[in-house]
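Reading through the structure tokens given below for one structure.
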Amino acid sequence: MATGTVRGAIAGYHRYFYLIDTAEQNEKLLRMYHEQAFKNNQLREELKKYRRVDEMVTFSPVSLDNAVLAEVAAWDATNIARTMVINRGEEQGLREEMIVLTRLGLVGRLVAVAPNASRVLLITDARSAVDCYVQRTRTRCVVVGQNRKRCDILYLPVNANVKVGDTLISTGLGGVYPAGLPVGRIISLDVGSSKLFFKAEMAPTADLEHLEEVMVIAAPPAIPDELKTEGPVKK
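For the sequence shown, position 121 (counting from the first letter as 1) is numbered 123 according to this note's numbering, and the numbering increases by one without interruption.
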């Protein structure tokens with residue numbers, strides 16, 4: 003009887019430590035699983051980032067010589083302003099008025115530059131204006147921000163050959179933005195109260211709500227003040 007009790011106790015003792023060892027092994031395996039899953043997720047994110055950057059570099063209507071790649075660091079997308087902060091600045095060669103874009107189109111321009119960060123004024127900000135033309139018909143217009151996801155299209159004649167879905171391209175006029183950048187697509191056209199111009203809206207071609215990486219390029223050469231002055235041409 004005593005022998006059976008001792009044997010039972012020994013067997014229970016072994017089962018106890020077996021269970022402890024099994025639990026420790028399971029915990030170790032679970033930890034390794036989570037670590038591997040984390041690493042795999044990091045690799046997937048790096049691959050996605052590489053593909054996005056590769057697409058930006060290989061598909062652009064303007065020269066990307068000396069372009070600076072940057073990541074979005076912060077947002078200010080309120081009813082008062084539409085700006086964001088990127089993680090590149092003066093030490094990486096950035097200056098105010100440089101142009102920000104993605105492979106899909108124009109994002110905005112730099113309005114403040116610190117040593118290692120810069121603030122971008124998005125084209126959807128009410129302080130932004132982009133001289134554009136309709137790609138299909140070359141009709142001129144001006145795109146201004148609404149402080150929302152869309153932009154207003156100004157000075158688009160009601161007799162112009164335009165339609166919803168048409169793409170707007172930057173003209174390069176005014177010396178602010180380079181020519182040839184996709185800006186957006188017309189999403190609404192209405193004659194409204196004006197009999198001269200459409201009441202129209204545009205959605206940016208660049209996905210401004212989900213930006214992660216952008217490119218920064220030099221702005222066009224500034225137009226001298228004397229050439230901006232309107233007046234009769236001197237012979």
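Just so you know, even glycine gets a beta-carbon here, dropped at the ideal spot from N, CA and C.
| Asked | Found |
| --- | --- |
| Where does residue 203 land, buried or exposed, given buried means 16+ other C-beta within 10 angstroms? | buried |
| For a quick check, are the C-beta atoms of residue 115 and residue 109 less than 8 angstroms apart? | no |
| Can residue 105 and residue 112 be called in contact, C-beta distance under 8 angstroms? | no |
| Between residue 99 and the rest of its own chain, which residues show a CB-CB distance below 7 angstroms, the 5 nearest in sequence each way excluded? | 111, 112, 221 |
| Inspect the beta-carbon positions of residue 83 and residue 219 and report whether they are closer than 8 angstroms. | no |
| If you count every other CB in all the chains shown that lies within 10 Å of the CB of residue 159, and 16 or more means buried, which is it? | exposed |
| What are the boundary residues of the beta strand (DSSP E) that residue 122 is part of? | 120-124 |
| In terms of DSSP beta bridges, what is residue 159 paired with? | 199 |
| Can you give me the Cβ contacts of residue 201 inside the same chain, cut-off strictly under 6 angstroms, excluding the 5 residues immediately before and after it? | 192, 194 |
| Between the Cα of residue 93 and the Cα atoms of 73, 164, 118, 74, which residue gives the shortest distance? | 118 |
| Would you kindly work out how many angstroms separate the C-alpha atoms of residue 186 and residue 26, rounded to a whole number? | 58 angstroms |
| Would you check if there are 3 or more beta carbon pairs closer than 8 angstroms linking the segment 167-177 to the segment 122-137? | yes |
| Which two residues bound the contiguous beta strand (DSSP E) that contains residue 179? | Premise fails: residue 179 is in no beta strand (DSSP E) and is neither H nor E. |
| Within the same chain, show all residues whose beta-carbon is closer than 7 angstroms to that of residue 77, passing over the 5 residues directly before and after it, in chain order. | 86 |
| From the DSSP output, read off the bridge partner residues of residue 219. | 101 |
| Helix, strand or coil: how does DSSP classify residue 29 here? | helix |
| Assign residue 123 to one of two classes, buried (16 or more other C-beta atoms within 10 Å of its C-beta) or exposed (fewer than that). | buried |
| Using only the alpha-carbon positions, how far apart do residue 208 and residue 184 sit? | 8 angstroms |
| Write down the C-beta distance between residue 126 and residue 147 rounded to the nearest angstrom, noting that I regard them as a contact closer than 8 angstroms. | 4 angstroms |
| Leaving out five residues before and five after residue 157 in sequence, what residues of the same chain have Cβ atoms less than 6 angstroms from its Cβ? | 143, 144, 199 |
| Helix or strand or just coil, what does DSSP make of residue 114? | strand |
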